[in-house]
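*Asks:* At the far end of the sequence shown sits residue 457, using my numbering, and the numbering has no gaps.
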Amino acid sequence: MLITGAGRGLGRELARQYAEDGWRVVACGRACPAHDFEGRVEFQLLDTADPASIHDLAVRLAGRPLDVLVNNAAIRSEASGLLGFDPDEFLRVVRTNTLGPLLLARALRQNLVAGGMRIIANIGSRAGSMAEGLLDDYDDDYAYRCSKAALNMAGAQLAQDLRVDGITVLSLHPGWVKTDMGGVEADLAAEDSARGLRTIINSATIEDTGSFRTFDGKHIGW
Ligand SMILES: NC(=O)c1ccc[n+]([C@@H]2O[C@H](COP(=O)([O-])OP(=O)(O)OC[C@H]3O[C@@H](n4cnc5c(N)ncnc54)[C@H](OP(=O)(O)O)[C@@H]3O)[C@@H](O)[C@H]2O)c1
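Here it is, written out as structure tokens:
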């Protein structure tokens, strides 16, 4: 299994739990993490905002079967609000959060076909839901919201296109999680979010492809 953005936050916790469970984990990040992972964890350099970095990773992993791809890496924008956002910053967020996962899915498709489980889990956000994202969550980060809404559509289209290969594509909201991104006020520990996400990922079948769910299994309106 391969996890992006595994150096800290939710990605790190997912890598830790999967390794503890005996999985062989490819933990990807922009820089070698300061901490050591325990278990069968291999670190690979990957910048999801850089198509060349994605290509290089795919070349290094060529021929290696992959059960699960977890597109977890993401950023928020520095600027906020309609007047505050900067066009270049907006595009940097979309490159990282949307284009990166899509290119990675394309680049690692054959690895997933060769794997047994054939699952792509895109870690999205309820903030990107048209139906629910604005209900009780004030967030004026246009770039982040748009990047996650677009990731949802990328996932839905991938679900349709990769069905022929038996690849299941999931959009998953991890909850409001205590990480650098979620902040200390968040109501969920990374351990609990990761445990819930793993339950969904590990039990997913092709019948689940194209679904959008929270870490505890509830369906979210697109
Ligand atoms: N925390 C929440 O409450 C919450 C809520 C909804 C959705 N999510 C989603 O959950 C996922 C994990 O979030 P988190 O809370 O763990 O965030 P986080 O604590 O900010 O960690 C983000 C991770 O993504 C990596 N990353 C950022 N840009 C990257 C790039 N260009 N290439 C490779 N890696 C990159 C970071 O690596 P560096 O160390 O190199 O920066 C870091 O490992 C994200 O998709 C996020 O949108 C989180």
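All residues carry an ideal CB built from backbone N, CA and C; glycine is no exception. Only a predicted model underlies this, so the values are computations on that prediction, with no experimental measurement involved.
1) Kindly examine ligand 2 and report whether one of its heavy atoms sits closer than 7 Å to the Cβ of V261.
2) Can you give me the Cβ contacts of L423 inside the same chain, cut-off strictly under 7 Å, excluding the 5 residues immediately before and after it?
3) So the candidates are R275, L370, S288 and A421; which of them puts its Cα closest to the Cα of L334?
4) Below 8 Å between beta carbons: does that hold for A340 and G246?
5) When you compare each of D256, R265 and A425 to E273 by their alpha carbons, which one comes out closest?
6) Output the residue ranges of the alpha helix (DSSP H) runs that lie fully inside the region 335-391 and measure 4 residues or longer, sorted by chain position.
7) Along the chain, where does the beta strand (DSSP E) containing S446 start, and where does it finish?
8) Using 8 Å as the threshold, is the region 434-451 in touch with the region 391-410, meaning 3 or more CB pairs across them?
9) S312 and A378: beta carbons closer than 8 Å?
10) Please look up how many angstroms separate the CB atoms of L386 and N332, rounded, as I've assumed it's under 8 Å.
11) Between which two residues does the alpha helix (DSSP H) harbouring L245 extend?
12) Quick one, are the C-beta atoms of G350 and P268 less than 8 Å apart?
13) Determine the burial state of A262: buried for a count of at least 16 other Cβ atoms within 10 Å of its Cβ, exposed for fewer.
14) Quick check on the DSSP output: what are the complete beta strand (DSSP E) runs of length 3 or more inside the region 398-443, in order along the chain?
15) If you draw a straight line from the C-alpha of G316 to the C-alpha of G363, how long is it?
*Replies:* With the structure as the only source:
1) Within the structure as shown, ligand 2 is missing, the only ligands being ligand 1.
2) Along the sequence shown, read from residue 1 onward, the residue named residue 423 stands at position 188. So the list reads G410, W411, V412 and K413, once near-sequence residues are dropped.
3) Taking the first residue of the sequence shown as position 1, residue 334 is located at position 99. Here the closest residue by C-alpha is S288.
4) Translated into positions along the sequence shown, residue 340 becomes position 105. Translated into positions along the sequence shown, residue 246 becomes position 11. Result no, Cβ atoms of A340 and G246 do not sit closer than 8 Å.
5) In the sequence shown, residue 273 corresponds to position 38, counting from 1. Checked all of D256, R265 and A425; the closest Cα to E273 is D256.
6) 335-342 and 344-349
7) For this step, residue 446 is matched to residue 211 along the sequence shown. Residues S446 to T449.
8) yes
9) Stepping through the sequence shown from its first residue, residue 312 is reached at position 77. Stepping through the sequence shown from its first residue, residue 378 is reached at position 143. In contact: S312 and A378 (Cβ atoms closer than 8 Å).
10) By one-based count along the sequence shown, residue 386 stands at place 151. By one-based count along the sequence shown, residue 332 stands at place 97. Contact flag correct, Cβ pair sits at about 6 Å.
11) Stepping through the sequence shown from its first residue, residue 245 is reached at position 10. Residues G244 to E255.
12) Position 115 of the sequence shown, counted from the start, is the residue given in the question as residue 350. Position 33 of the sequence shown, counted from the start, is the residue given in the question as residue 268. Cβ distance not < 8 Å, so G350 and P268 don't count as in contact.
13) On the sequence shown, position 27 is the one that residue 262 refers to. It counts as buried.
14) 403-408
15) As a working note, residue 316 is residue 81 in the sequence shown. As a working note, residue 363 is residue 128 in the sequence shown. Cα-Cα distance, rounded: 16 Å.
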